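**Q**
Protein chains: 2
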Amino acid sequence: MSLIVQKYGGTSVGTPERIRNVARRILATHREGHQVVAVVSAMSGVTDNLLRLAREVSPEMPPSERETDVLLATGEQTTIALTAMAIQALGGEAVSLTGAQAGIETDGVHTKARIAHITPGEVHRFLKDGKIVILAGFQGRTPEGFITTLGRGGSDLTAIAMAAAVGADLCQIFTDVDGVYTCDPRVVPDAQKLEEISYDEMLEMASSGSKVMQSRSVEFAKKFGVIFEVRSSLNENPGTIVREETMSMESVVIRGVSLERNQAKVTIASVADQPGVAARIFGAVADANIVIDMIVQNVSKTGVTDISFTLSKADFESAERALAAVLADLGPGAKIEAQDGIAKLSVVGIGMRSHSGVAAQMFKALSSADINIQMISTSEIRTTVIVDEPQIERAARVVHAAFGLSA
Amino acid sequence: MSLIVQKYGGTSVGTPERIRNVARRILATHREGHQVVAVVSAMSGVTDNLLRLAREVSPEMPPSERETDVLLATGEQTTIALTAMAIQALGGEAVSLTGAQAGIETDGVHTKARIAHITPGEVHRFLKDGKIVILAGFQGRTPEGFITTLGRGGSDLTAIAMAAAVGADLCQIFTDVDGVYTCDPRVVPDAQKLEEISYDEMLEMASSGSKVMQSRSVEFAKKFGVIFEVRSSLNENPGTIVREETMSMESVVIRGVSLERNQAKVTIASVADQPGVAARIFGAVADANIVIDMIVQNVSKTGVTDISFTLSKADFESAERALAAVLADLGPGAKIEAQDGIAKLSVVGIGMRSHSGVAAQMFKALSSADINIQMISTSEIRTTVIVDEPQIERAARVVHAAFGLSA
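Protein sequences, first through last, are from chains A and B.
Going by my numbering, the final residue of the first sequence carries number 427, and the count climbs one at a time with no gaps.
Going by my numbering, the final residue of the second sequence carries number 427, and the count climbs one at a time with no gaps.
Have a look at this one:
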């Protein structure tokens with residue numbers, strides 16, 4: 021008998037019929053002899069409706085974050101009750117728990133709280149009684165008993181954190197894709213599903229555009245050694261296991277290729293190459309609440325240098341405005357060059373650490389396809405290039421093929 | 021500075037715009053210098069939607085009561101967050117509390133829990149900080165921390181119980197009527213709003229058809245001496261104060277006239293006048309989960325008697341079936357006579373205790389209007405008659421006039 025934590029997202033529980041399907045799946049796992057804790061999200065659309073109501077009662081100002089949490093937490097609470105009912109209707113024994121009832125204690129940062137610790141006594145008690153526990157994702161409580169929510173990807177985090185707290189044998193993240201692929205199958209039709217991937221690779225894939233899961237949940241799993249599986253709630257196919265790296269993983273040089281569209285780049289050319297300039301640039305950008313991605317600065321010539329960074333196209337104009345305001349501080353000849361319509365292509369693999377020539381192989385593949393590389397950035401297990409957006413799909417296909425990832 | 025508990029029902033908070041109106045009213049009370057705890061219900065229609073979802077995920081069986089409570093409690097939780105947001109948007113300081121957070125502890129009888137005790141420390145703390153407390157009606161928690169709901173009229177009960185627990189100076193029940201009237205103004209156009217009424221009179225009015233409030237909330241208020249006001253959320257008119265009886269109340273013989281339609285009566289004629297017969301009759305009816313109202317048995321003649329009772333028309337046929345099954349046990353000549361299409365008219369007043377002739381005056385008024393009385397039942401402060409339903413409105417008007425209640 022294993023203890024399995026499952027997580028079902030908002031689309032999987034989006035209608036009463038889908039909730040019944042999820043209930044059948046949970047019940048099937050339980051009837052195989054396992055203990056099951058199932059984490060569920062709000063039904064798709066519910067959160068948006070609640071936020072619309074919030075705006076309508078508070079048109080003068082953004083609603084308070086404390087009350088936003090009280091409001092949003094009703095979404096998952098509705099799903100846990102309905103899922104428990106559906107399991108009971110199908111002949112199983114289930115009991116619902118809110119985040120607070122399940123002992124998920126967080127800090128007091130409403131709408132993006134961090135889990136401080138979990139006291140899973142209540143969960144264990146119900147499991148011991150033979151019950152299936154249906155747990156509200158995305159929520160917790162402060163030490164004072166106030167309701168908090170965990171922010172984006174919060175239900176995945178609930179599942180992984182609870183799996184760690186109860187010492188689960190496996191954590192299954194059910195989603196609408198079959199697992200993690202070597203590349204987005206809509207772009208590279210012969211992309212293959214990975215049987216397993218390391219936490220670090222998953223993190224690099226996530227941060228470079230493969231949006232299967234939020235990085236924070238993967239980081240949490242890595243920190244606490246929670247092995248989890250990403251798999252589809254629509255079929256019975258095995259998914260992708262995400263775990264600490266193994267020896268055999270290292271023999272694969274490149275695990276996958278990820279791409280991210282809708283990027284923009286900003287170059288501040290001819291800035292004075294002296295201490296404090298970079299701080300001034302990125303301070304101005306941070307003050308405007310803009311998240312930036314790659315930063316590239318090359319060696320300087322003649323006392324001036326160029327600093328480039330990439331960011332989401334959506335933040336492009338506000339970044340230009342923020343920089344224009346500090347341009348005079350950056351040196352006499354400094355000027356801003358900005359361009360959108362670019363995209364990011366990354367190859368990721370822990371094998372890269374012990375294999376040389378990965379970057380060269382990637383650049384050669386792009387060159388032979390006549391695709392120009394605009395920027396380059398690397399980490400220990402990732403190599404990323406910026407190319408023109410219209411070329412990104414072709415770039416992904418040639419790189420995917422060059423590393424032998426195609427079926 | 022007074023401490024005022026207010027309660028707003030589902031219609032009063034039925035839309036975002038209405039929630040803003042309620043927020044304005046709460047804020048106005050607070051700005052007059054009072055501390056305010058506002059109890060709110062689920063937005064009208066929300067509870068029905070949730071119950072529909074529950075039926076859809078559980079078509080095989082009625083959903084479990086524990087999970088029904090988890091589900092329904094989201095309705096009030098949504099309203100408290102939205103109401104607190106609306107108050108904040110209008111410049112006030114408000115904080116929401118669920119029943120559990122406000123220390124409302126109940127027994128474990130899900131969907132109709134009884135309040136065991138209230139620990140209002142959290143409420144006091146926020147009031148002391150100058151905050152308006154927005155409290156979820158209708159819900160509480162068991163000692164184990166499970167969510168419960170209080171059943172019909174539960175939000176009124178929350179308001180009155182919390183008023184008792186915090187030692188409120190006044191409890192205001194906002195509703196869609198101006199207060200308690202001497203009779204239903206749709207039936208008796210010159211009915212007058214009462215300035216005050218005693219708990220006992222309010223209870224008799226409620227149980228004889230004036231559905232301003234459920235009896236259990238009035239009983240709770242009586243038990244703990246909570247003075248409350250029933251008033252409209254649509255205007256600024258003073259309402260009706262409900263309180264322990266005073267000397268001056270007793271000088272009024274009849275406080276009001278109430279009527280209840282859709283009644284039926286069942287007579288079991290010629291039953292053996294011996295111990296156990298009544299128990300068998302009403303045991304059979306109770307086993308069928310039928311709530312009965314008046315019971316009348318007259319003195320017997322020649323060893324047999326007639327037992328009559330009234331009940332809601334909706335339960336009429338199941339009562340007939342339940343009785344047919346036990347008829348053979350009731351005596352050799354026993355037979356069932358049943359009739360629907362009747363209605364109930366009551367006069368209520370604590371002054372009745374010290375004034376004789378109330379019943380006679382009522383019967384005389386009905387007689388002079390040529391209305392036949394089919395059954396009579398009395399309590400210390402109420403006299404009730406059953407008449408044909410088509411005559412009920414005329415009966416109410418002549419009795420209302422006969423006791424000088426008209427404007």
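The beta-carbon is built from N, C-alpha and C at its ideal position, and this holds for glycine as well.
The structure presented is a predicted model; accordingly, all values stated were derived computationally and were not measured.
Could you give the DSSP three-state label for residue 327/A: helix, strand or coil?
**A** In the first sequence, residue 327/A corresponds to position 307, counting from 1. Residue 327/A: strand per DSSP, three-state reduction.
**Q** Output the distance between the C-alpha atoms of residue 324/A and residue 267/A, rounded to the nearest integer angstrom.
**A** Position 304 of the first sequence holds residue 324/A. Position 247 of the first sequence holds residue 267/A. If you take the alpha carbons of residue 324/A and residue 267/A, they lie about 46 Å apart.
**Q** I'd like the ranges of any alpha helix (DSSP H) spanning at least 4 consecutive residues and lying wholly in the region 69-103 of chain A.
**A** List check, alpha helix (DSSP H) in window: nothing returned.
**Q** So residue 201/B packs on residue 276/B, CB below 8 Å; how close in whole Å?
**A** The count along the second sequence starts at 1 and reaches residue 201/B at position 181. The count along the second sequence starts at 1 and reaches residue 276/B at position 256. Right, their Cβ atoms sit about 7 Å apart.
**Q** When DSSP labels each residue in this structure, what does residue 212/A get in the three-state scheme?
**A** The count along the first sequence starts at 1 and reaches residue 212/A at position 192. It is coil, neither helix nor strand.
**Q** Roughly how many angstroms separate the alpha carbons of residue 115/A and residue 217/A, rounded to a whole number?
**A** One-based indexing of the first sequence puts residue 115/A at position 95. One-based indexing of the first sequence puts residue 217/A at position 197. So the alpha carbons of these two residues sit roughly 34 Å apart.
**Q** Hey, would you say the C-beta of residue 286/A is under 8 Å away from at least one heavy atom of the ligand COA?
**A** With respect to the ligand COA, the structure offers nothing, as it holds no ligand at all.
**Q** Using a C-beta cutoff of 9 Å, does residue 275/A count as contacting chain B?
**A** The residue labelled residue 275/A in the question sits at position 255 within the first sequence. It does not; no Cβ of chain B falls within 9 Å.
**Q** What in chain B is Cβ-close to residue 81/A, meaning under 8 Å?
**A** Within the first sequence, numbered from 1, the residue matching residue 81/A stands at position 61. Chain B residues near residue 81/A: 108 and 109.
**Q** Could you work out which residue in 427/A, 272/A, 133/A and 300/A is closest to residue 86/A when comparing CA atoms only?
**A** In the first sequence, residue 86/A corresponds to position 66, counting from 1. Nearest C-alpha to residue 86/A: 133/A.
**Q** Opposite residue 357/B in the DSSP bridges: which residues?
**A** Your numbering for residue 357/B matches position 337 in the second sequence. Looking at the DSSP assignment, residue 357/B forms a beta bridge with 287/B.
**Q** Going along chain A in order, which residues have a C-beta closer than 7 Å to the C-beta of residue 74/B?
**A** Mapped onto the second sequence, residue 74/B falls at position 54. Those are 102 and 105, listed as they occur along chain A.
**Q** Enumerate, from N- to C-terminal direction, the unbroken alpha helix (DSSP H) stretches of 4 or more residues contained entirely within the region 248-323 of chain B.
**A** Counting only runs of 4 or more, we get 267-270 and 297-307.
**Q** Identify whether residue 110/B lies in helix, strand or coil by the three-state DSSP scheme.
**A** Here residue 110/B is taken as the residue at index 90 of the second sequence, counted from 1. Looking at residue 110/B - three-state DSSP - the assignment turns out to be coil, as it is neither helix nor strand.
**Q** So residue 362/A and residue 394/A are supposed to be a Cβ contact under 8 Å. How far apart are they, rounded?
**A** Counted from its first residue, the first sequence places residue 362/A at position 342. Counted from its first residue, the first sequence places residue 394/A at position 374. About 7 Å; that satisfies the 8 Å criterion.
**Q** Give a yes or no on whether 9 Å exceeds the smallest Cβ distance from residue 172/A to chain B.
**A** Translated into positions along the first sequence, residue 172/A becomes position 152. With 9 Å as the cut-off, residue 172/A does not count as an interface residue toward chain B.
**Q** Answer yes if the region 278-293 of chain B comes into contact with the region 394-409 of chain B, meaning at least three C-beta pairs across the two stretches below 8 Å, and no otherwise.
**A** Yes: at least three Cβ pairs fall under 8 Å.
**Q** Can you grab the Cα-Cα spacing for the pair residue 166/A / residue 127/A, in whole Å?
**A** As a working note, residue 166/A is residue 146 in the first sequence. As a working note, residue 127/A is residue 107 in the first sequence. Taking the straight line from one Cα to the other gives about 10 Å.
**Q** Using 9 Å as the threshold, is the C-beta distance between residue 29/B and residue 248/B below it?
**A** Here residue 29/B is taken as the residue at index 9 of the second sequence, counted from 1. Here residue 248/B is taken as the residue at index 228 of the second sequence, counted from 1. Contact flag unset, no.
**Q** Taking only beta-carbon atoms, is residue 146/A less than 9 Å away from chain B?
**A** The residue you call residue 146/A lines up with position 126 of the first sequence. Not one chain B Cβ lies under 9 Å of residue 146/A.
**Q** Does any residue of chain A bring its CB to less than 9 Å from the CB of residue 347/B?
**A** Against the second sequence, residue 347/B aligns to sequence position 327. Not an interface residue.
**Q** Could you tell me if residue 244/B is buried or exposed, where buried requires 16 or more neighbouring beta carbons within 10 angstroms of its beta carbon?
**A** What you label residue 244/B is simply residue 224 of the second sequence in a count that begins at 1. Residue 244/B comes out exposed.
**Q** Taking only beta-carbon positions, decide if residue 90/B is within less than 9 Å of chain A.
**A** Your numbering for residue 90/B matches position 70 in the second sequence. Judged by the 9 Å Cβ criterion, residue 90/B is in contact with chain A.
**Q** Can you tell me the Cα-Cα spacing of residue 401/A and residue 369/A, whole angstroms?
**A** What you label residue 401/A is simply residue 381 of the first sequence in a count that begins at 1. What you label residue 369/A is simply residue 349 of the first sequence in a count that begins at 1. Whole-angstrom Cα-Cα distance: 5 Å.
**Q** For residue 129/B and residue 168/B, I'd like the C-alpha separation in whole angstroms.
**A** By 1-based counting over the second sequence, the position of residue 129/B is 109. By 1-based counting over the second sequence, the position of residue 168/B is 148. Approximately 8 Å, taken between the alpha carbons.
**Q** When you compare only the Cα positions, how much space is there between residue 314/A and residue 329/A?
**A** Looking up residue 314/A in the first sequence gives position 294. Looking up residue 329/A in the first sequence gives position 309. Roughly 5 Å between the two C-alpha positions.
**Q** To the nearest angstrom, how far is it from the Cα of residue 190/B to the Cα of residue 53/B?
**A** Here residue 190/B is taken as the residue at index 170 of the second sequence, counted from 1. Here residue 53/B is taken as the residue at index 33 of the second sequence, counted from 1. Spanning the two alpha carbons is a distance of roughly 14 Å.
**Q** Just to confirm the assignment, what range does the alpha helix (DSSP H) spanning residue 160/A have?
**A** Taking the first sequence and counting its residues from 1, the one referred to as residue 160/A is at position 140. From DSSP, residue 160/A is part of no alpha helix (DSSP H) but of the beta strand (DSSP E) over 159-161.
**Q** Write down every uninterrupted run of the alpha helix (DSSP H) in the region 183-235 of chain A whose length is 4 residues or greater and which is fully enclosed by it, in chain order.
**A** If we require 4 residues or more, the alpha helix (DSSP H) runs fully inside the region 183-235 of chain A come out as 219-227.
**Q** Residues of chain B with CB under 8 Å from residue 29/A, in chain order?
**A** Within the first sequence, numbered from 1, the residue matching residue 29/A stands at position 9. None at all; the shortest Cβ gap to chain B is about 17 Å.
**Q** In chain order, which beta strand (DSSP E) runs of at least 3 residues are fully inside the region 112-164 of chain A?
**A** As far as the region 112-164 of chain A is concerned, its whole beta strand (DSSP E) runs of at least 3 residues are 114-117, 124-126, 135-138, 152-156 and 159-161.
**Q** Which residues in chain A have a C-beta closer than 7 Å to the C-beta of residue 126/B? List them in chain order.
**A** Locating residue 126/B in the second sequence gives position 106, where the first residue counts as 1. Near residue 126/B there are no residues of chain A at all, since even the closest Cβ is about 15 Å away, more than 7 Å.
**Q** With C-beta atoms as the reference, is residue 286/B less than 9 Å away from residue 358/B?
**A** Within the second sequence, the letter at position 266 stands for residue 286/B. Within the second sequence, the letter at position 338 stands for residue 358/B. Contact: yes.
**Q** Here's the rule: buried if 16 or more other CB atoms are within 10 angstroms of the residue's CB, otherwise exposed. What is residue 62/A?
**A** Residue numbering aside, residue 62/A sits at position 42 when the first sequence is read from its first letter. It counts as buried.
**Q** Between the region 206-216 of chain B and the region 229-246 of chain B, do three or more beta carbon pairs fall short of 8 Å?
**A** Because the criterion of three Cβ pairs below 8 Å is not met, the region 206-216 of chain B and the region 229-246 of chain B do not touch.
**Q** Report buried or exposed for residue 27/A, applying the criterion of at least 16 other Cβ atoms within 10 angstroms of its Cβ.
**A** Here residue 27/A refers to the residue found at position 7 of the first sequence. Burial call: buried.
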